[in-house]
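For reference, the structure discussed in these notes is given below.
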Amino acid sequence: MRYDSSSNADAGDSSISIEIVGHYQSAPHIRVLGESYTENLRAAIDQAMTAEAYPPERPEYDDHGRPLRGLLSESAEHGTLYHARDDASKERDRLRAENEALRGALQAVQAEVDGNLRPLTRDLVNMVSGLNNGSHPNDIYDHCDEIERAIGAALEGAKP
Numbered sequence: 001m002r003y004d005s006s007s008n009a010d011a012g013d014s015s016i017s018i019e020i021v022g023h024y025q026s027a028p029h030i031r032v033l034g035e036s037y038t039e040n041l042r043a044a045i046d047q048a049m050t051a052e053a054y055p056p057e058r059p060e061y062d063d064h065g066r067p068l069r070g071l072l073s074e075s076a077e078h079g080t081l082y083h084a085r086d087d088a089s090k091e092r093d094r095l096r097a098e099n100e101a102l103r104g105a106l107q108a109v110q111a112e113v114d115g116n117l118r119p120l121t122r123d124l125v126n127m128v129s130g131l132n133n134g135s136h137p138n139d140i141y142d143h144c145d146e147i148e149r150a151i152g153a154a155l156e157g158a159k160p
């Protein structure tokens, strides 16, 4: 509440005003009452004693969060969030195991190409190098290289 009074003694005038300043959510609400001191004081007291003098109360925040809390509690009751998380981690683990198995299979094929197929092919090419059947015996090396490139690309693309 602010009290303001001014007087002009020469003219015989005086004025008194009372301002009621209330802060609601950092915004001032000012009410200026009449000119009479008694009237201002009585009105200020009346307003201070009644609920109309103040801005409405803040809404309860519980009402705003109730739907979300309801969903969370419902999910927690049935364990759906926990089950979904567990299911996702099981699926992730299954995919990792499958990926490792496929990587192992590709590496085994690559080892077979490098360890057995190339030497056998070399021996075969050396034995039949004198034959003329329309294809060059070294073409088999190109096929081995293609297989090896495909396996290498698959292994590079499958890295986690």
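Sequential numbering from 1 applies to the sequence shown in full-length UniProt numbering.
Every residue, glycine too, gets a C-beta built ideally from N, C-alpha and C.
Exercise. Could you tell me whether any Cβ in chain C is nearer than 8 Å to the Cβ of Ile-151?
Key: Looking for chain C here will not work: only one protein chain is present.
Practice problem: Find the nearest neighbour of Val-125 within the set Asp-142, Tyr-82 and Arg-92, judged by alpha-carbon distance. | Solution: Walking along the sequence shown from the start, residue 125 turns up at place 125. Comparing Cα positions, the closest option is Asp-142.
Quiz item: So which of Glu-100, Ala-105 and Cys-144 has the shortest CA-CA distance to Asp-114?
Solution: Position 114 of the sequence shown, counted from the start, is the residue given in the question as residue 114. Checked all of Glu-100, Ala-105 and Cys-144; the closest Cα to Asp-114 is Cys-144.
Exercise. Ignore the nearest five residues each way along the sequence and tell me which others in Thr-121's own chain have a CB closer than 8 Å to its CB.
Key: As a working mapping, residue 121 is identified with position 121 in the sequence shown. Excluding sequence neighbours, Thr-121 sits near Ile-140, Tyr-141 and Cys-144.
Practice problem: For Leu-117, collect the residues of the same chain with a Cβ closer than 7 Å to its Cβ; drop the 5 residues on either side in sequence, then sort them by chain order. | Solution: Taking the first residue of the sequence shown as position 1, residue 117 is located at position 117. So the list reads Cys-144, once near-sequence residues are dropped.
Quiz prompt | Cβ-based neighbour list, Glu-148, same chain, cut-off 7 Å, excluding 5 preceding and 5 following | solution = Indexing the sequence shown from 1 puts residue 148 at position 148. Excluding residues within five positions, the ones whose Cβ falls inside 7 Å are Gln-110 and Val-113.
Quiz item: In whole angstroms, what separates the C-alpha of Leu-106 from that of Ser-89?
Solution: Taking the sequence shown and counting its residues from 1, one reaches residue 106 at position 106. Taking the sequence shown and counting its residues from 1, one reaches residue 89 at position 89. If you take the alpha carbons of Leu-106 and Ser-89, they lie about 26 Å apart.
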